[in-house]
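Read through the structure below, which is laid out as structure tokens, and then see the notes.
2 protein chains.
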Amino acid sequence: MRILVVEDERRIADDVAAALADAGYVPEVVHDGEAAWFRAETDDFDALVLDLGLPKLDGLSVVRKLRAASVRTPILILTARGAWMERVEGIDAGADDYLPKPFQAEELVARVGALIRRAGGHLTPQLVYRDLNIDTRRRTVAVGGRNVELSPLEYRLLRYLVHNQGRVVSQSELIDHVYGGDHEPDSNAVEVLVGRLRRKVGAETIGTRRGHGYIIGS
Amino acid sequence: MRILVVEDERRIADDVAAALADAGYVPEVVHDGEAAWFRAETDDFDALVLDLGLPKLDGLSVVRKLRAASVRTPILILTARGAWMERVEGIDAGADDYLPKPFQAEELVARVGALIRRAGGHLTPQLVYRDLNIDTRRRTVAVGGRNVELSPLEYRLLRYLVHNQGRVVSQSELIDHVYGGDHEPDSNAVEVLVGRLRRKVGAETIGTRRGHGYIIGS
DNA sequence: CACGGCATGTCAGGAAACTGTCAGCTTCGG
DNA sequence: CCGAAGCTGACAGTTTCCTGACATGCCGTG
Chain L
24 MRILVVEDER RIADDVAAAL ADAGYVPEVV HDGEAAWFRA ETDDFDALVL
74 DLGLPKLDGL SVVRKLRAAS VRTPILILTA RGAWMERVEG IDAGADDYLP
124 KPFQAEELVA RVGALIRRAG GHLTPQLVYR DLNIDTRRRT VAVGGRNVEL
174 SPLEYRLLRY LVHNQGRVVS QSELIDHVYG GDHEPDSNAV EVLVGRLRRK
224 VGAETIGTRR GHGYIIGS
Chain H
24 MRILVVEDER RIADDVAAAL ADAGYVPEVV HDGEAAWFRA ETDDFDALVL
74 DLGLPKLDGL SVVRKLRAAS VRTPILILTA RGAWMERVEG IDAGADDYLP
124 KPFQAEELVA RVGALIRRAG GHLTPQLVYR DLNIDTRRRT VAVGGRNVEL
174 SPLEYRLLRY LVHNQGRVVS QSELIDHVYG GDHEPDSNAV EVLVGRLRRK
224 VGAETIGTRR GHGYIIGS
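Structure follows, in structure tokens:
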């Protein structure tokens, strides 16, 4: 499931993208209205998450232009708290739902899920690699149908690898995405974590590319 | 039977609430459109009584948004005398009936009763998980057929978990939805609450995902 | 008003899980 | 066969969660 996230504030955009990725979606982020319009009209997303205060072309105009162009992708708009005018205008312009800032990442994910379900009747996003299955709603992992208990870090690591399956992921990239960046650089924490994860999901699941990083699904 | 009354004029709101309470309903009063939207979407009422001239978010928008969000609760709108435009718009927006002001309290109660009867099976007043049953109208909880007394917070917590059964719910999400967001961030109130709830409904009902949150229905 | 009861938050102690560090070992590439 | 990279078991510090005890505040009753 691909989601286009349109938000100019870097921090919020990153948070939203991370939360969506958490849930098994594939977010793409752009930072201004023109890019949003171009991407949404050119490509086919399952949903849009759209901030209203945008550079170049404001969010409402994006909604109107897309609807005028018969783009029916469900749109969730983000509005400042109490700016009810914006909400009403947004709905009028053709948005499907709104979420007042500040919001819980979980709530955004839930709303996006609801939008997509309403639009197309799809199910909970699941990440799959062979007989390994990550249910992002339950936050459970099953291998060959058998449930496996993972710690928070193990879960994030596995999710990131499965999400990027077929690609080699370097240790520093993992530190960025699993630990949020700040971590002792010369530490074997990742190696230890990978080891523990392998014991739980099966050693053959995660491959090592000596000197490059780790990979799932060679 | 729970009725959400949305009316900004204090006197009218009180009268309506009193009349409904007399008739055996359980009224809840809010005074602006945003609160109405929040309560009606979050919770499960048997009917809405909705004034049109509201602060923050007008009544018609509330109706439209609720219907857009698939909230099917029957809605009775209150309109000024002779404002037939409003009535048409209200019905168009998805309201089920209207009552021109001024009105007799008895008539309002009668109409509300008719609405609820007409709605019949639309609502989901029962939340169920295994042998645990929540009657949202009576606000009662039964486990294995035996009634269990819950405090207000315990009830809300349980309802939220059952409503989201099969999904891991983080503590911060619970703080948002059970406490309405404002709460000391480093407090173990949620843990204590969960503990007390477990003692009442059976410890095995609520699972802990260490580092992730709580879940019902693993 | 004093009282008790109830709901709920805070705190402290402890158990269990989580995770980083380290040292020694294995494996791989050249 | 060597060195570097990666793996692993053991250990310890930290975090998370649970629980009982206590404090506080509210509310209805006598």
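In the order they appear, the protein sequences are chains L and H.
For reference, each letter of the first sequence is one residue, going 24 to 241 in the numbering used here.
For reference, each letter of the second sequence is one residue, going 24 to 241 in the numbering used here.
Just so it is clear, CB atoms sit at the ideal spot from N, CA and C, and this is done for glycine as well.
query	result
Identity of the residues DSSP links to threonine 163 of chain H by a beta bridge	H/Asp158
Backbone secondary structure at isoleucine 122 of chain H - three-state DSSP	The question names isoleucine, yet the displayed sequence has leucine at residue 122 of chain H. Leucine 122 of chain H falls in the strand class under three-state DSSP.
Through-space distance from valine 132 of chain L to arginine 161 of chain L, alpha-carbon basis	14 Å
Rounded straight-line distance, which links the Cα of alanine 41 of chain L to that of leucine 197 of chain L	14 Å
Closer than 8 Å to chain H by CB, glutamine 149 of chain L	no
Distance cut-off 7 Å: valine 85 of chain L Cβ against heavy atoms of the ligand GDP	Ligands displayed in this structure: none; no statement on the ligand GDP is therefore possible.
Cβ neighbour criterion (16 or more within 10 Å) applied to valine 151 of chain L	exposed
Where proline 175 of chain L meets chain H, residues with beta-carbon distance less than 7 Å	Gly234 and His235
Neighbouring residues, chain L, relative to valine 191 of chain H (Cβ below 9 Å)	Arg160, Arg161, Arg162 and Thr163
Continuous alpha helix (DSSP H) stretch holding arginine 221 of chain L: start and end	212-224
Chain L within 8 Å of leucine 146 of chain H, Cβ atoms only	Since pLDDT at leucine 146 of chain H reaches only 46, below the 50 mark, its modelled position is unreliable, and no value is offered.
Positions along the stretch 197-211 of chain H whose CB lies within less than 7 Å of some CB in chain L	Asp199
Same chain only: Cβ atoms within 8 Å of tyrosine 183 of chain H, ignoring 5 sequence neighbours per side	Val192, Leu197, His200 and Val201
Close Cβ partners of glutamate 32 of chain L (< 6 Å) along its chain, the five nearest in sequence each way excluded	none
From L/Gly136, L/Ile98, L/Val217 and L/Gly76, residue whose alpha carbon lies closest to that of tyrosine 121 of chain L	L/Ile98
Residue span of the alpha helix (DSSP H) that contains glutamate 51 of chain L, given as start and end	From DSSP, glutamate 51 of chain L is part of no alpha helix (DSSP H) but of the beta strand (DSSP E) over 49-53.
Cutoff 7 Å; reference histidine 186 of chain L; Cβ partners in own chain excluding five residues on either side	Ala44 and Leu150
Glutamate 30 of chain H burial status per 10 Å Cβ neighbour count (16 or more: buried)	buried
Glutamate 172 of chain L versus glycine 189 of chain H - alpha carbon distance	15 Å
Whole-number beta carbon distance between proline 78 of chain L and threonine 102 of chain L, since they are thought to touch under 8 Å	Threonine 102 of chain L to proline 78 of chain L, Cβ: 17 Å. No contact.
Contact set for alanine 70 of chain L: own chain, Cβ-Cβ below 8 Å, skip 5 residues either direction	Met24, Ile26, Leu27, Thr96, Pro97, Ile98, Leu99, Val135, Leu138, Ile139 and Ala142
Test: isoleucine 229 of chain H CB closer than 8 Å to a CB of chain L	no
Other residues of its chain near glutamate 64 of chain L: CB distance less than 7 Å, five sequence neighbours each side excluded	Leu89, Ala92 and Val94
Local conformation of glutamate 227 of chain H per DSSP, three classes	helix
Minimum Cβ-Cβ distance from isoleucine 238 of chain H to chain L less than 8 Å	yes
Whole-angstrom distance between glutamate 214 of chain H and valine 85 of chain L, CA atom to CA atom	44 Å
Environment of proline 50 of chain H [buried if 16+ CB atoms lie within 10 Å]	buried
Assigned exposure category for lysine 68 of chain L - 16 Cβ within 10 Å defines buried	The amino acid at residue 68 of chain L is misidentified as lysine; the sequence shows phenylalanine. Buried, because 16 or more other Cβ atoms sit within 10 Å of the Cβ of phenylalanine 68 of chain L.
Own chain, CB closer than 8 Å to tryptophan 107 of chain L, minus 5 neighbours either side, in chain order	Legend: pLDDT at tryptophan 107 of chain L = 49, less than 50; position of this residue unreliable, no value from coordinates given.
First and last residue of the uninterrupted beta strand (DSSP E) at alanine 280 of chain L	Nothing can be reported for residue 280 of chain L, as the shown portion of chain L is limited to 24 through 241.
Assigned exposure category for proline 208 of chain H - 16 Cβ within 10 Å defines buried	exposed
For arginine 232 of chain H and asparagine 170 of chain H, the rounded distance between their alpha carbons	28 Å
Histidine 145 of chain H burial status per 10 Å Cβ neighbour count (16 or more: buried)	Here the model assigns histidine 145 of chain H a pLDDT of 43, short of 50, so the residue's position is not dependable, and the following value carries that caveat. Answer is exposed; the Cβ neighbour count stays below 16.
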